[in-house]
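Below is one structure; the comments refer to it alone.
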Amino acid sequence: MAILDMQHCAIEAGRRLKEEDISVETIAARTLAPLDRETILDSVRKTGRPIAVDEAVLSCSIQGQIIASVTEEVFPYLKAPPVCFETRRSLCLSRRCESKQ
Numbered sequence: 002m003a004i005l006d007m008q009h010c011a012i013e014a015g016r017r018l019k020e021e022d023i024s025v026e027t028i029a030a031r032t033l034a035p036l037d038r039e040t041i042l043d044s045v046r047k048t049g050r051p052i053a054v055d056e057a058v059l060s061c062s063i064q065g066q067i068i069a070s071v072t073e074e075v076f077p078y079l080k081a082p083p084v085c086f087e088t089r090r091s092l093c094l095s096r097r098c099e100s101k102q
């Protein structure tokens, strides 16, 4: 599941994984309100391995909420722990904000 600018990165990562014969399903969330929860939950039911990617830092982010929903709704389908990633860009931005304080 990818949000905002990370959609392009996730689609490219999926293409590269496919070249290595690794099956992946990419969900590009076009809207957050309303969030297409059923598409996300259906994907997790099929794959069992949710990964959420966003530019925001992990605390206070939508990917944390998505993973929480996945864990609550389709826990029996999980084959691996859910994973959240934030981008280096957001890490750089958060460091820049910290240095101003």
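Heads up: take any position in the sequence shown, counting from 1, add 1, and you land on the working numbering.
Idealized CB from N, CA, C, for every residue including glycine.
When the options are compared against residue i, the one with the closest alpha-carbon
i	options	result
R50	A81, F76 and T32	A81
I28	E13, E20, E21 and D22	E13
G15	D6, E87, A3 and E26	E26
M2	A53, S60, E20 and V58	A53
Status (buried if at least 16 other CB within 10 Å, exposed otherwise) for residue i
i	result
G64	A small correction: the amino acid at residue 64 is Gln; Gly does not occupy that position in the sequence shown. The residue in question, Q64, is buried, as its Cβ has 16 or more Cβ neighbours within 10 Å.
E73	exposed
Identity of the residues DSSP links to residue i by a beta bridge
i	result
F86	V54
A3	A29 and V54
Collapsed DSSP secondary structure at residue i in the structure displayed
i	result
I12	helix
P35	coil
S62	coil
D43	helix
E21	coil
A81	coil
Contact test: residue i Cβ vs the ligand COA heavy atom, cutoff 8 Å
i	result
T72	For the structure depicted, the ligand COA is absent and the ligand set is empty, with no information on it obtainable.
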